[in-house]
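Numbering (my numbering), first residue to last: 651 to 766.
To start, the structure under review is shown below, and the notes come after it.
Structure follows, in structure tokens:
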């Protein structure tokens, strides 16, 4: 069972930046992909960014160009750098991991609130 622990959420003002971190309990080399989803109140959970073991990335159109997903293999950690935040980025952000096969893992979620 893979454990994922997120950190870095909080309250920020519009236009500011934030970096989320997700530490995995196993070597991320064992994971097919890691990424971030988010869920705003009253909305479905949606993909924000995904990073595969080969280095391929996928971004939601809403964050493309102002967000970067990256990883630190030595720390088994994936990051999501988000810039130019706006109110529509307000959501609970969940770390996600895809293991080889069909097994997946989720973090407990971290709240990001963008408000002045």
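Using N, Cα and C, we set each Cβ at its ideal position, and we do this for glycine too.
Checklist line | Cβ distance (whole Å) where residue 707 is taken to contact residue 697 below 8 Å | finding: Contact flag wrong, Cβ pair sits at about 11 Å.
Next item on the list: Pull up the distance between the alpha-carbon of residue 654 and that of residue 751, whole angstroms please.
Entry: 18 Å
Next item on the list: For the segment 753–763 and the segment 655–673, state whether three or more C-beta atom pairs, one from each stretch, are separated by less than 8 Å.
Entry: Yes, the segment 753–763 is in contact with the segment 655–673.
Next item on the list: Can you check DSSP and say which residues form a bridge with residue 689?
Entry: 742
Check: Nearest to residue 680 by alpha carbon, out of 736, 727, 764, 735?
Finding: When each option's Cα is compared against that of residue 680, the closest is 727.
Notebook entry, point to check: What is the DSSP secondary structure of residue 766, reduced to helix, strand or coil?
Noted result: The DSSP-derived three-state label of residue 766 is coil.
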